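The next block holds one structure in the form of structure tokens; read it before the comments.
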Ligand code: VGL
Ligand code: ZN
């Protein structure tokens with residue numbers, strides 16, 4: 008049977024970009040980065056791949072915001088439900104400019120919102136820290152997808168979590184490094200190593216022919 012590939016564009020949102028002077032702007036996310044991501048996504052769309060986006064979409068009282076922990080500072084690590092979790096600046100508050108996806112929304116067959124439950128963070132597009140699943144896996148099954156091409160922001164958080172969950176669900180996974188950006192050098196290095204160890208293919212550059220051939 009022929010393999011079917013889908014594309015997941017992770018969290019290309021104002022608050023994560025320097026272009027939009029976002030509250031959690033990741034280095035290397037200026038206008039030219041976003042336009043490069045959009046161009047690659049358009050080429051993948053023209054090539055016929057189903058494309059989905061994830062969208063961080065938090066209520067203002069979200070547990071991942073340091074402002075909701077009176078005795079804590081930004082980027083402190085706290086234990087939430089037994090897992091170490093970073094406290095971020097408020098970001099991607101539902102329905103605000105910072106939560107807006109910055110590339111042409113018509114490219115996406117669907118946009119998967121995540122992080123809506125105030126009590127759980129949700130780096131992965133598949134499920135939150137409480138184990139509540141999004142619709143992503145069932146949609147991909149509907150399309151008989153077995154290969155996923157993933158890129159976006161941030162490589163060391165949401166791209167990584169989505170890629171590792173995808174491996175757990177049994178997908179073949181490629182992450183496109185050139186189209187992704189990390190929050191910090193050390194976590195980025197560790198994330199690339201961890202993804203490789205778990206069977207994620209890391210493509211350093213965007214190679215359309217390789218993706219069309221299903222050679223992940
Ligand atoms: C993300 C931190 C907090 C991400 C989302 O998209 O990688 N990072 N929320
Ligand atoms: Zn978030």
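Numbering (this note's numbering), first residue to last: 8 to 223. Built from N, CA and C at the ideal position, the CB exists for glycine as well. None of the values given here were measured: they were computed from a predicted structure.
Inset, instruction - Pick helix, strand or coil for residue 69, following the three-state DSSP scheme. - result: Working through the chain shown from its first residue, we reach residue 69 at position 62. Residue 69: coil per DSSP, three-state reduction.
Legend entry - Residues bridged to residue 62 [DSSP beta-bridge criterion]: Numbered from its first residue, the chain shown carries residue 62 at position 55. Looking at the DSSP assignment, residue 62 forms a beta bridge with 120.
Legend entry - Own chain partners of residue 88 with C-beta closer than 8 Å, once the 5 adjacent residues on each side are dropped: In the chain shown, the residue the question calls residue 88 occupies position 81. Same-chain partners within the cutoff: 127, 136 and 137.
Inset, instruction - Say yes only if the C-beta of residue 99 is nearer than 7 Å to one or more non-hydrogen atoms of the ligand ZN, and no if none qualify. - result: By one-based count along the chain shown, residue 99 stands at place 92. Answer for residue 99: yes, Cβ within range of the ligand ZN.
Legend entry - Exposure label - residue 168; buried when at least 16 CB within 10 Å: Here residue 168 corresponds to residue number 161 of the chain shown, with the count starting at 1. Under this definition residue 168 is a buried residue.
Inset, instruction - Compare the Cα-Cα distances from residue 194 to each of 81, 164, 64 and 110 and report the closest residue. - result: Position 187 of the chain shown, counted from the first residue, corresponds to residue 194. It is 164 whose Cα lies nearest to the Cα of residue 194.
Legend entry - alpha helix (DSSP H) segment containing residue 93, residue limits: On the chain shown, residue 93 is found 86 positions in, with the first residue counted as 1. That residue, residue 93, is in no alpha helix (DSSP H); its beta strand (DSSP E) goes 90-93.
Inset, instruction - Answer yes if the stretch 182-196 comes into contact with the stretch 34-42, meaning at least three C-beta pairs across the two stretches below 8 Å, and no otherwise. - result: yes
Inset, instruction - Tell me whether residue 71 counts as near the ligand ZN, meaning its Cβ is closer than 7 Å to at least one heavy atom of that ligand. - result: Translated into the one-based positions of the chain shown, residue 71 becomes position 64. For the ligand ZN, at least one heavy atom lies less than 7 Å from the Cβ of residue 71.
Inset, instruction - Return yes when the Cβ of residue 166 is within less than 8 Å of the Cβ of residue 17, no when it is not. - result: Here residue 17 is taken as the residue at index 10 of the chain shown, counted from 1. Here residue 166 is taken as the residue at index 159 of the chain shown, counted from 1. Result yes, Cβ atoms of residue 17 and residue 166 sit closer than 8 Å.
Legend entry - Check whether residue 199 and residue 183 have beta carbons under 8 Å apart: One-based indexing of the chain shown puts residue 199 at position 192. One-based indexing of the chain shown puts residue 183 at position 176. No, these two residues do not count as a Cβ contact at 8 Å.
Inset, instruction - Could you check what DSSP says for residue 164 in three-state terms: helix, strand or coil? - result: Taking the chain shown and counting its residues from 1, the one referred to as residue 164 is at position 157. Three-state DSSP puts residue 164 in a helix.
Inset, instruction - Could you tell me if the beta carbon of residue 64 falls within a distance shorter than 7 Å of some heavy atom in the ligand VGL? - result: In the chain shown, the residue the question calls residue 64 occupies position 57. It does not: the Cβ of residue 64 is nowhere closer than 7 Å to a heavy atom of the ligand VGL.
Inset, instruction - Reducing DSSP to helix, strand and coil, say where residue 206 ends up. - result: By one-based count along the chain shown, residue 206 stands at place 199. Coil.
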